Structures are given as structure tokens and as C-alpha cells.
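The structure appears right after this line, and notes come after that.
Protein chains in written order, with this note's numbering: chain A, 1 to 308; chain B, 309 to 616.
Here it is in C-alpha cells:
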């Protein structure tokens, strides 16, 4: 049994693909639970639309009513990480593996501290995906998952989880250096999520001007410098690939831009604060990242966090 | 005769004080011209409210209809500097002095190139002032003018112009180092106009949080470093005075924040671009200013410039 904890766009999409393939997937939703129970899951996808009708879905709003899982996939917003104990705890048996596909740094460590490091895998979803409404998901580009062991190396279980995704039609692979993978994704998230939220601009709006492109490149270069300083060098081709793939995305709004538009808390600490902290500790100079972090923290905060 | 070119809040207020004192002041307005002709000038001021009725005002929308001036005070937005030739040219006789109270760097140079450097004085207005509507001005704090010769030193004519203001109840003085004065004002304008416009926050909103205060201080420090590099060192007490005075201002919206709110072009080049260029040329490290400049340029631009 596979449990999806925090079934927004990401959890709904990947969980939906696994369920569509016939796997036994149980979704923990929050506000969307009732709507999905009634109307099912509808995914518009560049890799083929699909829908899962309510009678074929297992949907919950309380983890204590869910069966224990072999694999828990965490797609919760990191701003709700203080709820991980309550949301993931009830799903665990002795050998449950937890895969976090959350953004930024620190999630493996948080899960390891709560539930034991031996359970935890980390992964990055390189995907353009938005939630259009309760149980309605728009997958517009890309979709690969890279996952691995927090301690490095390619394990049998990481390969097995990658094969689960592959069998469901998702490009997925186990990677030997999860930390480098995290910084690889940050090299995209930091400029595009950060500037997208700060300026309320989609990826194409950022790249259409010289100054936007320059901001993006400067931030990417800083992330690359920080990655090198912490011992996870990225290489120029990684950054070039990010730019190329972004140009294929069209008018993509990052989750952080949407969070800001919808008055939800931004994932400031996971995507910006923790990488900045790591860069500083390693002696890297990242003034643009530093300013971006303070600017994002200075944005008006929503009155209360709606959690997931 | 004194001509005020670009009679927004700044020109309306200082010109109004001079006119109220009985001086022969002629205002060049643009969009507000008709309204001011009809209703006069109304100033709510922390130094005493006053109004000037239409029959005591000389108001124009065409400089070719104005008499030639002994002193032209330029308070035009720098984004309309391409109109200086047409707006100021018709007002000049052989010995007309031009005082620019515009924001940022480069205005004395622009006027000197157009009309001869021997005519030009520069000045900074340290004042909290907003235009509430056509001919309606709100002066909420401070108000001193520092003015001087672009080539340095205190001249008789600079002292004479300062005395004109002083006689009208305005704190004004001729200063020996105009360049240092410009950088002094930039140390305020760059953080507060820049962050205020970028984040759409008033001065008190910026200073109420740790991260806002940190952004302000970091930018001030960079401006101070740039000023020192170009040979106009400011001293810590200057920055401290800016912070103290800002805390006295309450919820002040800078002109740049208001420009953004009202869809007008920001004074990006004068307040940010030219100082950044000067800092770079002098070898100063100003990454926060650099990022701020690119971010402000990346803000959505209004479809067309409304000029003044």
C-alpha cells in the first residue's frame, strides 16, 4: 500500500498515475477531501489526460483512518512540516519507507528526526504542475523524478521505488548523490520560485527581459557556487539545461507565485532560508540569494496558514 | 521672477511657500493646470496649512506663454527629463539660474549639457510630501533644502537662493559639497524608495520587521560604501540620522511607491541606475543595489509615460 500525504497538485498527479496503474494508493487530502470523494481526480496532462472515478479512489482527511503503508510519499507543503508527526506517524509500520518529494532542503532531516533515518528517501520532482481546483490537476510539462538515499549511493529500495514510478509511465531514476540532486533542483527553484513570487511573474515573463534573465542567471550562479562550496558541484551544463527546459515551459506559474497570489504562506525556509544557511556555513558569497530571502520574508504574510 | 517647472507635490509645496511670501512665482503644471487655475493651491502642512487662491496664482501648461525667469526651479520627475529642453528652454534669459531639486544623480549634468553648466545649481529636498489631488498637497514631515554648486564650494548665488527659501519659512542652506549631499539623500532614497516600490510598503512597514530593517541597513551600507569609493564619504552619523528621521515619518509612502501604485514610471535610472553605475566605476561592491535595480526594472511598466 502506498500513502500520499499532502495531496495537492504533486501528490494528486503522481499518486494518480500510480493508482491508474492499478497500485493500491491511499490519499490523505485536507481541504479537497470531500470534493475528491465526490468527483474523483481529473488530470489534464501533456503525457495523456486521465481521470480516476470516486469509486476507485481511497481518499481520507484523517491519517488515523488509513491503513498502514509500505511506502509513504510526502508531498506536503514544507510550511506544514510541523504537522508531519501527526500526518505520517499513524501510517508507519516497522519497515515503512518514507519518500519526501517536498521542495528545498531539510525535509529528509526533519523526517529522520521524527521517524528514524533508516526509513527516509529523498526525491525531486522536475515537473510543471498546477492545481486548478479540488481534485483537478493541470500537468503542463516535464515530470521526471530523481530519488535517492540521504547518505548517498544507490540502494535496492531506492531503485525499487524508482521502478514503481517507471511502471506507471513516469520517468524516474535512483541517483547516487541526493544532495547534488537537491542543489540541482534549487538552482531552478531559487530563481524561478523566488522571483516569480516576489514579482508575481511567470517563467516566461521573467525570461522575456534582459534584466529578468540577468536576475535568474545571477541567482543560478550563486546557487551553483553554494553547491560547489558544500561539495555538490553542478556543472555549467546543469544550469544550461534548466534554462533550456524553462523556455519549453511557456507561461508557467511556480507554486510560490501561486501561493502568493492565493494568500498562502510561501515555502521560504525550505527553498531559500536553509540553502542560504548552508551557503553561509560553507563560506559561499550569495548576496542575491540573501536579499531575495529577506525580500520574500518581508512580503505580507497571510493571517493564518491554511496548511497543505 | 521664479518659475517652477514640474509642479507636482514638491514644486507645488516649495513654490507655494515662496508665492505665499509674496514672491513672483509662475508654475508650469501639466495635467493639474486647469484644476489649479480654478481652485488654487491647498497645502496641508506640518509647518502650518496654507492656501493660495486662483486670483493670486500664475499657472501655465505651456512654457512659451510664461515670462522669462531669474530662477527656474526644476521639480519635474526625472522620467520626463527628455522634455527639459522644451520645458525649461523658453524660460531662460542670459543670467537665469536653474536649480534642480530632482531625485538621484545626473540631473545637473543633463541641464548643464542643455543650457550651459554656468547656470546650474543642484539641491536636495529632505521632505515628506504627497500630492493628494490636483493642487492639493500634504506635507507631513521635515522640509529642509540643501543646495550647492555642482563644482563644489559655496557661491554667493547659492547662498542667495538659500536665503529666498529661508525667508519663506523653509529651512535651507548652501552646502559646500553637493556631491556628498546627493549621496546623503541617495542613502535614504535607495532603500526606502526602492524597497517601498518593490514591496509596496510604506516606511513604517519596512522598519517594523527585522528583515525589512536589515534590507534597509544593508542598502544604506552599500550606498555609504559607494559614496566613499567615489570620494563623498558619509559617516555613520548620517545613516543613523536617516534612520531616526524615518521613524519620525510614520506611515510615509515614498514617491516611488506611489508611482508604482498609480501605474506611473518609476525614477529607476536617476535613483538606482546612475548611482549603481558610479559605484561600479569606482570599484565599490553593491550587490543589493544591483539586484534592487534589476528588480525595479523588471516591475511591469506602464503602457506609456504620463510625463510629469
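Note that CB positions come from ideal geometry on N, CA and C, so glycine has one too.
All values derive from a computational prediction rather than experimental measurement.
How would you list, in chain order, the residues of chain A whose beta-carbon sits under 8 angstroms from the beta-carbon of residue 522 of chain B? As a first step, residue 522 of chain B must be located in the second chain, where it is residue number 214. Here the neighbours are 294.
Residue 140 of chain A: first and last residue of the uninterrupted alpha helix (DSSP H) it sits in: Position 140 of the first chain, counting from 1, holds the residue named residue 140 of chain A. Not the alpha helix (DSSP H): residue 140 of chain A falls in the beta strand (DSSP E), residues 136-148.
Cβ neighbour criterion (16 or more within 10 Å) applied to residue 34 of chain A: For the purposes of this step, residue 34 of chain A is identified with residue 34 of the first chain, where counting begins at 1. Exposed.
My parser needs the alpha helix (DSSP H) runs of 4 or more residues fully inside the region 348-396 of chain B; what are they? 392-396
DSSP on residue 438 of chain B, reduced to helix/strand/coil? Start at 1 with the first residue of the second chain, and residue 438 of chain B comes out as number 130. Of the three classes helix, strand and coil, the one that applies to residue 438 of chain B here is strand, per DSSP.
Buried or exposed: where does residue 440 of chain B fall if 16 or more other Cβ atoms within 10 Å of its Cβ makes it buried? The count along the second chain starts at 1 and reaches residue 440 of chain B at position 132. So residue 440 of chain B counts as exposed.
Report back the beta-carbon spacing between residue 126 of chain A and residue 113 of chain A to the nearest angstrom; my notes put them in contact at under 8 angstroms. Along the first chain, one-based indexing puts residue 126 of chain A at 126. Along the first chain, one-based indexing puts residue 113 of chain A at 113. Not quite, the Cβ-Cβ distance comes to about 27 angstroms (not below 8 angstroms), so this is no contact.
What are the residues that DSSP puts in a beta bridge with residue 263 of chain A? Along the first chain, one-based indexing puts residue 263 of chain A at 263. Beta-bridge pairing links residue 263 of chain A to no other residue.
Coarse secondary structure for residue 91 of chain A, derived from DSSP in three states: Position 91 of the first chain, counted from the start, is the residue given in the question as residue 91 of chain A. Helix, per DSSP.
Which first and last residues belong to the beta strand (DSSP E) in which residue 272 of chain A is found? For the purposes of this step, residue 272 of chain A is identified with residue 272 of the first chain, where counting begins at 1. Unbroken run through residue 272 of chain A: none, as it is neither H nor E.
Is it a yes or a no for the region 500-518 of chain B touching the region 283-302 of chain A, going by three-plus beta-carbon pairs under 8 angstroms? yes
Starting from residue 335 of chain B and walking both ways along the beta strand (DSSP E), at which residues does that stretch end? The count along the second chain starts at 1 and reaches residue 335 of chain B at position 27. Note, residue 335 of chain B: beta strand (DSSP E), 333-336.
Determine contact between the region 579-592 of chain B and the region 523-535 of chain B, defined as no fewer than three beta-carbon pairs at a distance below 8 angstroms. yes
How many angstroms separate the CA atom of residue 353 of chain B from the CA atom of residue 447 of chain B? The residue given as residue 353 of chain B occupies position 45 in the second chain. The residue given as residue 447 of chain B occupies position 139 in the second chain. The straight-line gap from Cα to Cα measures roughly 4 angstroms.
How do the region 366-384 of chain B and the region 396-416 of chain B stand: do at least 3 beta-carbon pairs fall below 8 angstroms, yes or no? yes
Check whether the Cβ atoms of residue 110 of chain A and residue 81 of chain A sit closer than 8 angstroms, and answer yes or no. The residue given as residue 110 of chain A occupies position 110 in the first chain. The residue given as residue 81 of chain A occupies position 81 in the first chain. Result yes, Cβ atoms of residue 110 of chain A and residue 81 of chain A sit closer than 8 angstroms.
Taking Cβ-Cβ distances below 8 angstroms as the criterion, which residues of the region 236-251 of chain A are in contact with chain B? none
If we define contact as Cβ-Cβ less than 8 angstroms, is residue 44 of chain A a contact residue for chain B? Within the first chain, residue 44 of chain A is the residue found at index 44, counting from 1. Proximity of residue 44 of chain A to chain B, defined by a Cβ-Cβ separation below 8 angstroms, is not satisfied.
Could you check the C-alpha separation between residue 176 of chain A and residue 154 of chain A for me, to the nearest Å? For this step, residue 176 of chain A is matched to residue 176 along the first chain. For this step, residue 154 of chain A is matched to residue 154 along the first chain. Taking the straight line joining both Cα atoms gives about 5 angstroms.
Between which two residues does the beta strand (DSSP E) carrying residue 100 of chain A extend? Within the first chain, residue 100 of chain A is the residue found at index 100, counting from 1. Counting along the chain, the beta strand (DSSP E) containing residue 100 of chain A begins and ends at 97-100.
What are the residues in the region 279-294 of chain A lying within 7 angstroms of chain B by C-beta distance? 287, 288, 291 and 294
Rounded C-beta distance between residue 57 of chain A and residue 41 of chain A? I'm assuming under 8 angstroms. Here residue 57 of chain A refers to the residue found at position 57 when the first chain is read from its first residue. Here residue 41 of chain A refers to the residue found at position 41 when the first chain is read from its first residue. The pair is a contact, with the Cβ atoms about 6 angstroms apart (cut-off 8 angstroms).
Of all the options A:212, A:13, A:296 and A:1, which has the alpha carbon lying nearest to the alpha carbon of residue 136 of chain A? Your numbering for residue 136 of chain A matches position 136 in the first chain. Here the closest residue by C-alpha is A:13.
Can you list, in chain order, the residues of the region 85-112 of chain A whose Cβ is nearer than 7 angstroms to any Cβ on chain B? none
Assuming residue 456 of chain B and residue 430 of chain B are in contact, meaning their beta carbons sit under 8 angstroms apart, how far apart are those beta carbons, in whole angstroms? For this step, residue 456 of chain B is matched to residue 148 along the second chain. For this step, residue 430 of chain B is matched to residue 122 along the second chain. Sure, about 6 angstroms apart at Cβ, within 8 angstroms.
Cβ of residue 288 of chain A within 8 angstroms of Cβ of residue 219 of chain A? Your numbering for residue 288 of chain A matches position 288 in the first chain. Your numbering for residue 219 of chain A matches position 219 in the first chain. It is a contact, given that the beta carbons lie within the stated cut-off.
Consider the Cβ of residue 582 of chain B: report whether some Cβ of chain A lies at a distance smaller than 8 angstroms. Residue mapping note: residue 582 of chain B aligns to position 274 of the second chain, counting from 1. Cβ-Cβ to chain A under 8 angstroms: no for residue 582 of chain B.
Assuming the contact rule is C-beta atoms closer than 8 angstroms, residue 215 of chain A and residue 599 of chain B should be a hit. Round their C-beta distance to whole Å, please. To locate residue 215 of chain A, count along the first chain from 1; it is residue 215. To locate residue 599 of chain B, count along the second chain from 1; it is residue 291. Indeed they touch by this definition, with Cβ atoms about 7 angstroms apart.
List in chain order: all unbroken alpha helix (DSSP H) runs of 4+ residues lying wholly within the region 513-545 of chain B. 518-537
Along the region 493-507 of chain B, what residues have a CB closer than 9 angstroms to any CB found in chain A? 503, 506 and 507
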